[in-house]
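In the working numbering, the protein residues as written are 1407 to 1738.
Built from N, CA and C at the ideal position, the CB exists for glycine as well.
Shown next as structure tokens:
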């Protein structure tokens, strides 16, 4: 009204009415008129009714928006968790070797914190299991743990997958889409194979670590998120930093508390324990009443160096369980 007014602006009337809900200020209703006498004959009780009515409408709309946001976010979380791999696995780290007992102590120490954790170890050692164990023991355990394999996506889609995108941001973006960080808000995100991230995306991930803000592709506005980052790699990131393949500042941000998952060959005595665990798991899955490992097979398992680590052992046991030499026994 005032912007469109032509010529000199004379004295006008203005009223500001604060809007409260549960004793909290949620907005202000303003009334303006170019006539200085416009509000003189309006009773104060009228403003009270107007304020109360407007406060109720505004608070209802705000509550409706929040409920819609939470409902949409819950649907995204359910869809995300339903698509996550390895859902059949538990959170317990099987093993009683000295090196595994030390690992469990470190996890109990660091889990309650909000530190970013870099989980290093060879392929198949159980880095995802370590991430689930950290999340389960943290104060974020009731919130989602969202998984992303950084090596499984084309470079041009990684940023959208992490931070989301707006409709029309690129060819094929036919709707707004939340990224992994938005879905994980309040919880934990597990970035597997972090060493595969392109340098261009590494700089944007660094921004998230520094400011807890994300910027979806195609949007000008940033969004605040509260997410704990767990990252895993089978590479030596220190070597990648020296080779120029990984940002040193991101490496130091991620490795506030680095965790090394030992290879199976260094876990003295754990092979027999793990083999027994996988045999029992296979027995239940296959519906077999009784399944055991022959003593001679245990000796063979302990002599092998397991380059594929725990994952290789699990696959060997699973294959062997399908064709035991006798109904009650399993041998290699």
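Since residue i sits in a beta bridge, which residues does DSSP pair it with?
{"i": "residue 1552", "result": "1595"}
{"i": "residue 1635", "result": "1595"}
{"i": "residue 1722", "result": "DSSP, once it has assigned bridges, lists no residue as partnering residue 1722."}
{"i": "residue 1717", "result": "None; residue 1717 has no bridge partner."}
{"i": "residue 1436", "result": "1422"}
{"i": "residue 1571", "result": "1583 and 1623"}
Pull up the distance between the alpha-carbon of residue i and that of residue j, whole angstroms please.
{"i": "residue 1441", "j": "residue 1421", "result": "13 Å"}
{"i": "residue 1424", "j": "residue 1542", "result": "45 Å"}
{"i": "residue 1419", "j": "residue 1434", "result": "16 Å"}
{"i": "residue 1588", "j": "residue 1647", "result": "28 Å"}
{"i": "residue 1714", "j": "residue 1560", "result": "26 Å"}
{"i": "residue 1601", "j": "residue 1615", "result": "16 Å"}
{"i": "residue 1553", "j": "residue 1445", "result": "60 Å"}
{"i": "residue 1509", "j": "residue 1665", "result": "8 Å"}
{"i": "residue 1707", "j": "residue 1677", "result": "7 Å"}
{"i": "residue 1503", "j": "residue 1532", "result": "15 Å"}
{"i": "residue 1717", "j": "residue 1630", "result": "37 Å"}
{"i": "residue 1693", "j": "residue 1701", "result": "23 Å"}
{"i": "residue 1557", "j": "residue 1436", "result": "54 Å"}
{"i": "residue 1416", "j": "residue 1443", "result": "13 Å"}
{"i": "residue 1473", "j": "residue 1466", "result": "10 Å"}
{"i": "residue 1451", "j": "residue 1627", "result": "41 Å"}
{"i": "residue 1454", "j": "residue 1414", "result": "33 Å"}
{"i": "residue 1582", "j": "residue 1470", "result": "20 Å"}
{"i": "residue 1652", "j": "residue 1644", "result": "8 Å"}
{"i": "residue 1540", "j": "residue 1575", "result": "35 Å"}
{"i": "residue 1520", "j": "residue 1610", "result": "20 Å"}
{"i": "residue 1491", "j": "residue 1459", "result": "Note that residue 1491 has pLDDT 49, beneath the 50 cutoff, so the model's placement of it is unreliable and the number below is only indicative. Between residue 1491 and residue 1459, the C-alpha separation is close to 50 Å."}
If you compare alpha carbons, which of the options is closest to residue i?
{"i": "residue 1522", "options": "1657, 1688, 1714 and 1719", "result": "1657"}
{"i": "residue 1709", "options": "1675, 1461 and 1728", "result": "1675"}
{"i": "residue 1562", "options": "1553, 1617 and 1577", "result": "1577"}
{"i": "residue 1622", "options": "1456, 1585 and 1520", "result": "1585"}
{"i": "residue 1513", "options": "1503, 1544 and 1501", "result": "1544"}
{"i": "residue 1642", "options": "1654, 1612 and 1564", "result": "1654"}
{"i": "residue 1605", "options": "1635, 1650 and 1626", "result": "1650"}
{"i": "residue 1427", "options": "1702, 1436, 1464 and 1443", "result": "1464"}
{"i": "residue 1729", "options": "1688, 1448 and 1701", "result": "1688"}
{"i": "residue 1565", "options": "1608, 1591 and 1582", "result": "1608"}
{"i": "residue 1429", "options": "1461, 1470 and 1439", "result": "1461"}
{"i": "residue 1691", "options": "1723, 1711 and 1712", "result": "1723"}
{"i": "residue 1667", "options": "1439, 1618 and 1511", "result": "1511"}
Report yes if the CB atom of residue i is closer than 8 Å to the CB atom of residue j, and no otherwise.
{"i": "residue 1536", "j": "residue 1593", "result": "no"}
{"i": "residue 1530", "j": "residue 1571", "result": "no"}
{"i": "residue 1468", "j": "residue 1525", "result": "no"}
{"i": "residue 1506", "j": "residue 1499", "result": "yes"}
{"i": "residue 1663", "j": "residue 1516", "result": "yes"}
{"i": "residue 1727", "j": "residue 1704", "result": "no"}
{"i": "residue 1635", "j": "residue 1569", "result": "no"}
{"i": "residue 1659", "j": "residue 1603", "result": "no"}
{"i": "residue 1596", "j": "residue 1534", "result": "yes"}
Within a Cβ cutoff of 6 Å, which residues of the same chain sit near residue i, ignoring the five residues on either side of it in sequence?
{"i": "residue 1598", "result": "1555 and 1638"}
{"i": "residue 1488", "result": "At residue 1488 the pLDDT is 46, less than 50, meaning the model places this residue with poor confidence; the figure from the coordinates comes in the next sentence. Same-chain partners within the cutoff: there are none."}
{"i": "residue 1590", "result": "1550, 1552 and 1633"}
{"i": "residue 1457", "result": "1423"}
If I measure Cβ to Cβ from residue i and keep anything under 7 Å in the same chain, skipping five residues before and after, which residues do I get?
{"i": "residue 1580", "result": "1573"}
{"i": "residue 1528", "result": "1640, 1669 and 1715"}
{"i": "residue 1720", "result": "1684"}
{"i": "residue 1618", "result": "1630, 1631 and 1632"}
Can you name, in chain order, every residue of its own chain whose Cβ lies under 8 Å from the Cβ of residue i, other than the five neighbours on each side?
{"i": "residue 1725", "result": "none"}
{"i": "residue 1518", "result": "1543, 1544 and 1545"}
{"i": "residue 1783", "result": "Missing from the structure shown is residue 1783; the chain here goes from 1407 to 1738 and no further."}
Counting contacts by CB-CB distance shorter than 8 Å, is residue i in contact with chain C?
{"i": "residue 1523", "result": "Annotation note: the requested chain C is absent from the structure, which comprises a single protein chain."}
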